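See below for the structure under consideration.
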Amino acid sequence: MIDKRIASAAEAVSDIPDGASLAVGGFGLSGNPIALIEALLAQGTRELSIVSNNCGVDDWGLGILLQAQRIRKMTSSYVGENKEFERQFLSGELELELTPQGTLAEKLRAGGSGIAAFFTQTGVGTQVAGGGLPRRYDGAGGVAVASPVKDVRVFTVGGSSREYVLEEAITTDFSLVHAAAGDRYGNLVFHKAARNFNPLAAMAGRVCIAQVERLVEPGELDPDSIHLPGVFVHRVVEVGTDIEKRIERRTVAAAEGK
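As structure tokens, this is what we get:
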């Protein structure tokens, strides 16, 4: 077995070059690999093409890379919590490939599983299949780059014939993920909602870098509790259990009797 421990987040991302593609775990701000993102920011890497459910917020998560104008393209399913994202997209500074959430998840899973493409009903009859979605604006209100037309075919499933759109899998140069615990062989355990896109992003990266809150010895993790086997993970860096974790919006109920 290979010991995949790395001493620091900075060392873990040190070979990510300008122009690299990355799959990044997280959903909203839950499960963001913030230590790796901050290390990438400090390193100065630019022109990144990032695949992630969203792009954080203006001052946290992937939003800090966006604020520093380090991102060339985002492939995402939700982008509504980041004002700087809106500004860069509408001004033509940022390219966006907007993808339905379930489709994005399956594109990552397929890429990590060696599946080149798949057919889905999601997006049939819309611009997702028919093309024309703005990917980059020209800065003057016009569309400089639009999404292409995709292949649509009819399949009979369960006695019913329906149209399906062809979606290509996603693989990236690197992936950055956050896990609650991991061992030095790269086996990972995620905590509840922070599991989200992290296993899928990990699978899609040719080199997967995982930050873990707690690093343990092989055998300490219950084999039945491992969410992602170490075969998908190449580097593991321990960031501690006190690492900052944010949520986008806190909603609480009034105490009884008040």
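The opening position of the sequence shown corresponds to residue 1 in full-length UniProt numbering, with each subsequent residue numbered one higher.
Beta carbons: idealized from backbone N, C-alpha and C, even for Gly.
Predicted model, so just to flag it, every value in this text is computed and none were measured.
Distance, residue j Cα to residue i Cα
i, j, result
"Ala146", "Ala110", "24 Å"
"Asp222", "Gln101", "31 Å"
"Ser91", "Gly131", "21 Å"
"Gly142", "Ile2", "52 Å"
"Glu106", "Gly159", "24 Å"
"Ala35", "Asp173", "19 Å"
"Val157", "Arg250", "43 Å"
"Val24", "Met74", "11 Å"
Closest Cα partner of residue i within the set the options
i, options, result
"Glu213", "Ser91, Lys245, Arg249, Ala201", "Lys245"
"Leu188", "Gly130, Arg235, Gln67", "Arg235"
"Leu228", "Gly182, Ala254, Ala105, Val124", "Gly182"
"Leu215", "Asp18, Ser160, Ala179, Ile247", "Ala179"
"Arg5", "Ile247, Ile209, Val231", "Ile209"
"Ser175", "Ile16, Glu11, Ala7", "Ile16"
"Ser52", "Gly63, Gly44, Gln43", "Gly63"
"residue 305", "Ile226, Gly44, Phe89", "The question about residue 305 has no answer here: the residues shown for the chain are numbered 1 through 258."
Contacts around residue i, its chain only, beta-carbon distance under 6 Å, and the 5 residues preceding and following it disregarded
i, result
"Asp151", "Leu166"
"Ala129", "Gly123, Lys150, Val152, Val165"
"Pro218", "Asp183, Tyr185"
Anticipated Cβ contact below 8 Å, residue i with residue j, distance rounded
i, j, result
"Ile71", "Leu48", "5 Å"
"Gln67", "Glu86", "That belief does not hold up - the Cβ atoms of Gln67 and Glu86 are roughly 13 Å apart, past 8 Å."
Residues near residue i by beta carbon distance below 7 Å, same chain, minus five either side
i, result
"Arg136", "Gly92, Glu95, Ala144, Val145"
"Asn32", "Gly26, Gly56, Gly61, His178"
"Leu133", "Leu98, Gln127, Ala146, Ser147"
Exercise. What are the start and end residues of each continuous beta strand (DSSP E) run of 3 or more residues lying completely inside the stretch 40-121, in chain order?
Worked result: 48-51, 71-76, 95-98, 117-120
For this session: Tell me the start and end of each unbroken beta strand (DSSP E) in the stretch 122-183 that is at least 3 residues and wholly inside, in chain order.
Result: Given a length threshold of 3 residues, each whole run of the beta strand (DSSP E) inside the stretch 122-183 is given here in chain order: 134-137, 143-146, 152-157, 160-168, 172-183.
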